[in-house]
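Participant: In order, the protein sequences belong to chains A and B. Just so we're aligned: 117 in the numbering used here is position 117 of the first sequence, and the numbers increase by one with no gaps anywhere. Going from the second sequence to the numbering used here is simple: count from 1 and add 1000. A virtual CB, placed ideally from N, CA and C, is assigned to each residue, including glycine. Below are the C-alpha cells for one structure; questions will follow.
There are 2 protein chains.
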Amino acid sequence: MQADRRVNEELARADARKWHFAVLATLDEFGAASQAELSDRTRIYRSDLVAVINELTARGQVDRAPDPADRRRNLITLTQAGRRQLRELDKVLAEVEEEVLAPLSPVERKQLTDLLTVLVEHHGQPM
Amino acid sequence: MQADRRVNEELARADARKWHFAVLATLDEFGAASQAELSDRTRIYRSDLVAVINELTARGQVDRAPDPADRRRNLITLTQAGRRQLRELDKVLAEVEEEVLAPLSPVERKQLTDLLTVLVEHHGQPM
DNA sequence: CCAAATCGTTAGTCACACTAACGCTAGTTC
DNA sequence: GAACTAGCGTTAGTGTGACTAACGATTTGG
C-alpha cells in the first residue's frame, strides 16, 4: 500500500494515473487496438476505459478513430506525444521502484520478482 | 490486486471488510484503545474510523464508551462477539492466503514474507 | 487563565472496481 | 432477406478505500 501511494503521487506529478500508464504501455507493447482489446489486456473495465481514452486523447497521447474493418470498434493508436509520455512515466516508475526496493540487494530483488511472477502466472486471468 | 479481490470477496461473505478486520485484530493485540490510537495503529484515517466503529458497534462486536479519564476520548473495547468474529475472519483469511500462496513451497513462502518484511520495516510509517 | 493542541465527528473529493442497461453494428440461421 | 444473437462503445450508478478541511468539545501547557 505504501508503494502504491508513492507510485500514485509520482504519477500525479507527471499528470497521469495508473490507468493512463497501463494503456500507454499496452499500446506500445502490442500496437494499436480496440477498446475491448485494451480492456482485456489492462484489466480495466470497458466502462471505465471510455474516460481514460477521453483523457489520453485530450492530452494528445493517443488517437481514437473508428475501425473501417469493423464499424463497432474504435482503433486506439499511440501518438508521438504518447510515446514521449510513456518514456517519461517509465523513468518516474523506475525511480519509485528503486526507492521502494532500496533495502534489497540485486539478488534479493530477483528473488522477490521471481516469486511474485510465479504467483501471477499461477492464477492467471480468472482466480 | 487479484489477491486483494479474493480477500474482499471472502470478507464480504463474512459480513466484513478489511477495515473491520484491522480494527478487531488491533484491539485483540493491543487491548482497548481510543479511536485516535486505533487510527495510528491501523492507518485508517480518524474520519473514516467513525463509520467503521459505528458498524462494529451495530454488529455488537465492539463497545464504544466515553473514557472517564479523558472526556474527549472514546474507549473502544472488543466484545465476546467481536472475538468470535475475529477468529472467524482469521480462518477466512488463512484460507485465502493458502489459496494465493498455493504455488509456492514452504521455503519459498518464507522467502517471500521475509523479503516483504524487510521492505515494510525499512520504510516504516512515513515513506 | 488563556492559547494551543487533541479528540471525535461531519462533509466532501478523488481513484479505482464492478454492474446494469442502451444503441449500434456484425455475423448467423432459417 | 428478416430475425436473432453477440460484440462494441457509452452512460449512469454503486461501493470501498485514501485523503482533506473544518467544527465543537475537552484537555493541557505556558
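#1: Can you tell me the Cβ-Cβ gap for G82(A) and L24(A), rounded? I've got them flagged as a contact below 8 Å.
#2: Short check: CB of A3(A) to CB of V100(A), under 8 Å?
#3: So, at 8 Å on beta carbons, what are the nonlocal neighbours of N1008(B) in its own chain, with the 5 sequence-adjacent residues on each side left out?
#4: Residues in the same chain with beta-carbon distance under 7 Å from D64(A), minus the five sequence neighbours each way, listed in chain order, please.
#5: Mind checking whether the beta-carbon of R71(A) lies closer than 7 Å to any heavy atom of the ligand NAP?
#6: Answer with yes or no whether the minimum CB distance from A1102(B) to chain A is below 8 Å.
#7: Flag this pair as yes or no: are the beta carbons of L104(A) and L1104(B) separated by less than 8 Å?
#8: Can you give, in chain order, each stretch of the beta strand (DSSP E) that sits fully within the region 1047–1127 of chain B and has at least 3 residues?
#9: Using the C-alpha atoms, what's the distance from V96(A) back to Q61(A)?
#10: Would you say V118(A) faces chain B, with C-beta separation under 8 Å as the test?
#11: Cβ closer than 8 Å: which chain A residues qualify as neighbours of L1038(B)?
Facilitator: With the structure as the only source:
#1: 6 Å
#2: Cβ distance < 8 Å, so A3(A) and V100(A) count as in contact.
#3: Excluding residues within five positions, the ones whose Cβ falls inside 8 Å are R1017 and K1018.
#4: One point to set straight first is that residue 64(A) is Arg, not Asp, in the sequence displayed. Contacts found: I53, T57, N74 and I76.
#5: As presented, the structure is devoid of all ligands, the ligand NAP included, so that no description of it is given.
#6: yes
#7: no
#8: 1062–1066 and 1074–1078
#9: 23 Å
#10: yes
#11: Chain A residues near L1038(B): none, gap ~17 Å exceeds 8 Å.
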